[in-house]
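Trainee: Residue numbers (the numbering used here): 1294 to 1513.
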């Protein structure tokens, strides 16, 4: 059941970084939790690196929790600097849309999107594309400290090479992923995000955004 899923994940060696696990275990004693993982369609197929977060969602769902898949139709257009030593080549809008459809089809092979505990499939293009630049800067960007953002490993590593650096577009990726977390929390009471270790800075940025905009500090 949902209240021992964390113990199972630890036993399987699938937990590398986390907020305090004891607090998450206490939260799960109260009942099922809603969680999500994001997948940016930057190629025409999911790859082996996506397998662990997919299996994480699957195990949480099998334990009775509600899971959300976020296909990053918008964030894929920005480019995630995590794990990249140089600026990512931007893909055409239509190509990313086509890849997003493929990702949705592939994810449906691992998760159950039917029944009482159906998984939810979403695309962050649906909400990010509706934000004006002014709203983005005033309502979201204002909540982020550049001093903190440049300490994130993916950004710091790129800044160490003055010849490559990082564009404002990729620098903004963290903010957009954080906005995903905020939207899912607001619409679906999503309390947990899982992902690869390279996403740790983006995940904590989302927690901070929710806290600052809603005065709601997560314990998990």
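Glycine is no exception: its CB is placed at the ideal position from the N, C-alpha and C atoms.
On a Cα-Cα basis, can you pick out the residue from 1302, 1501, 1331 that is closest to residue 1415?
Mentor: 1331
Trainee: Take the Cβ of residue 1465 as the centre, count every other Cβ of all protein chains shown within 10 Å, and call the residue buried at 16 or more, exposed below.
Mentor: By the neighbour-count rule (16 or more Cβ atoms within 10 Å), residue 1465 is buried.
Trainee: Does the Cβ of residue 1334 have 16 or more other Cβ atoms within 10 Å, making it buried, or fewer, making it exposed?
Mentor: buried
Trainee: Taking the continuous beta strand (DSSP E) assigned at residue 1360, which residues delimit it?
Mentor: 1359-1364
Trainee: I want to know whether the region 1404-1424 touches the region 1471-1486 - three or more CB-CB distances under 8 Å.
Mentor: yes
Trainee: So within the region 1408-1484, which uninterrupted beta strand (DSSP E) runs reach at least 3 residues, ignoring any that extend past its ends?
Mentor: 1413-1416
Trainee: Spell out the partners DSSP gives residue 1330 in its beta bridges.
Mentor: 1362
Trainee: For the alpha helix (DSSP H) that contains residue 1494, what are its first and last residues?
Mentor: 1493-1507
Trainee: If you run the structure through DSSP and keep just helix, strand and coil, what is residue 1246?
Mentor: The structure shown does not extend to residue 1246, since the chain spans only 1294 to 1513, so no value can be given for it.
Trainee: Using a Cβ-Cβ cutoff of less than 8 Å, which residues in the same chain neighbour residue 1298 once the five nearest sequence positions on both sides are dropped?
Mentor: 1321, 1352, 1353, 1356, 1358
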